[in-house]
Amino acid sequence: MWAELAVTAAKLLLIAVGLLTAIPVMVWVERRGAAFIQDRLGPNRVGPLGLVQPIVDAVKLFFKEDITPAGVSRGLYFLAPMVAIFVALVTFIVIPFGAGTDVTVFGVPLSGVMVAPGLGVGVLYLLALGSLSVYGIVLAGWSSNNKYSLLGALRSSAQLISYELAMTVSVMGVILAAGSLRLDAVVAYQSQHLWNAIPQLVGFLVFVVAAFAETNRLPFDLPEAETELVAGYHVEYSSMKFAAFFMSEYVNMVTISALMVTLYLGGWTFPGHRALSGWPLLLLSVLSMLVKVSFVLFTFVWVRWSLPRFRYDQLMRLGWKVLLPLAVLNLVWVGVGVGYGWL
0 MWAELAVTAA KLLLIAVGLL TAIPVMVWVE RRGAAFIQDR LGPNRVGPLG LVQPIVDAVK
60 LFFKEDITPA GVSRGLYFLA PMVAIFVALV TFIVIPFGAG TDVTVFGVPL SGVMVAPGLG
120 VGVLYLLALG SLSVYGIVLA GWSSNNKYSL LGALRSSAQL ISYELAMTVS VMGVILAAGS
180 LRLDAVVAYQ SQHLWNAIPQ LVGFLVFVVA AFAETNRLPF DLPEAETELV AGYHVEYSSM
240 KFAAFFMSEY VNMVTISALM VTLYLGGWTF PGHRALSGWP LLLLSVLSML VKVSFVLFTF
300 VWVRWSLPRF RYDQLMRLGW KVLLPLAVLN LVWVGVGVGY GWL
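In structure tokens form, the structure reads like this:
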């Protein structure tokens, strides 16, 4: 029992350190990528290529004056950023980010290198926890006693609920094909067949678009639209409370990218992985997962600095009249394919 607890604690520590390290890395990639795409310089003064700039920004946020406006609902005002960062961090524990069923540590099998290998409803856990992220945003907007914050929170709640439907229906196609709610079973299915992104291309595209909306990224950053709402739901937050919302956005990006890779891009698998075993398979599978997730994260940056923001009516129309019907069509196709043995 103690060995299992030690291995689980080590996995949790690894995930926490990895996710928190990914935040400054993605901030640097975001700023340098934006500069490259828009023919600018970007951060280039603090450290070589501006690599130390994210650390300087973190120190600035840590020591910045923490202001609590008068008139806020203090309990909910302080609770909102905690909810946002907590939900963002706990959703990653069911992602299988590497092989390792035949690798043991202290006599305990790594079981696909995930924190909760025995959780048989991994997909449902992710979708359920992901839907709770809207509570942090809504609480922040309502408790701030600011009309711009409230409008941003209302926009976010409508946006997330709308796009969660299309995303969930698209994921149902993956579950139907794999015959399991376990994410490691989805990866195993893809290792025996094609990546799900190929036979379920429509569902994959729906998931990609919904992922941008779920993470409030351009062109779907309506809850934070600075030209309309100043900063949206977090306009009244400063210092580390603002940083909590900022960090939760990037952690959610990493989680949704890892989920996208797991569901549609083969997860940790790579060509020739069946010929390997033990620690070589473990290390190369983790590397494969990191490369795929990094590519998806760069796509987030690429799209953000290439496309303009949607109008709100366009965003809602896309979610309800385009993505949801396409997701249902994809589910019907998968059902027919599974019934006839094509998938």
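For the sequence shown, numbering that gives the first Met the number 0 assigns the number 0 to the initial residue and increments by one for each residue that follows.
Backbone N, C-alpha and C define an ideal beta-carbon position, used for all residues, glycine too.
Since this is a predicted model, take the numbers as computed values, not measurements.
Looking at the backbone, the Cα of G119 and that of V253 are separated by about 22 Å. The C-beta separation of P42 from G49 comes to about 3 Å, placing the pair in contact by the 8 Å criterion. Three or more Cβ pairs closer than 8 Å define a contact, and the segment 166 to 176 meets that threshold against the segment 322 to 336.
Going by DSSP, W301 is part of the alpha helix (DSSP H) stretching over 277 to 303. Counted as a single uninterrupted DSSP element, the alpha helix (DSSP H) harbouring T167 occupies residues 146 to 177. The three-state secondary structure of T268, taken from DSSP, is coil. A direct Cα-Cα distance of roughly 12 Å separates A176 from A187. Of all C-beta pairs linking the segment 139 to 159 to the segment 291 to 298, fewer than three are shorter than 8 Å, placing the two stretches out of contact. In this structure, the beta-carbon distance from V89 to L182 does not fall below 9 Å. Around the beta carbon of F62, fewer than 16 other beta carbons lie within 10 angstroms, which makes this residue exposed. CA-to-CA, the gap between P270 and S161 works out to about 37 Å.
In this model, M239 and K59 are separated by some 10 Å (Cα to Cα). Within its own chain, the residues whose Cβ lies closer than 8 Å to the Cβ of A83, once the five positions on either side in sequence are excluded, are S132, G135, I136, A139, A243, F244, S247, listed in chain order. Taking the CA atoms as reference points, I174 sits about 24 Å from S293.
In the three-state scheme derived from DSSP, where H, G and I count as helix and E and B as strand, S72 is classed as coil. For A69, the closest of E235, W332, P307 by C-alpha to C-alpha distance is E235.
In terms of Cα proximity to Q158, the closest of A326, R310, A5, G334 is R310. At the C-beta level, N195 and G178 stay beyond 9 Å of one another. When the beta-carbon positions are compared, P198 and R308 stay at least 9 Å from each other. The alpha-carbon of T268 is positioned some 43 Å away from that of L75. Where R316 is concerned, the enclosing alpha helix (DSSP H) starts and stops at 311 to 316. Closest option to L11, judged by alpha-carbon separation, among F96, V55, L283: F96.
When the beta-carbon positions are compared, Y232 and S130 stay at least 9 Å from each other. Contact annotation: V24 and P53 have beta-carbon atoms nearer than 9 Å. K291 has its alpha-carbon roughly 29 Å from the corresponding atom of A5.
With distances taken between CA atoms, L330 lies nearest to G202 out of V302, L289, R216, G202.
Here D65 is not near S284, since their CB atoms are 9 Å or more apart. Your pair I22 and V250 checks out as a contact, with CB atoms roughly 7 Å apart and the cut at 8 Å. Apart from the 5 residues on each side of it in sequence, L128 sits with its Cβ closer than 8 Å to the Cβ of V86, V89, T90 in its chain, given in chain order.
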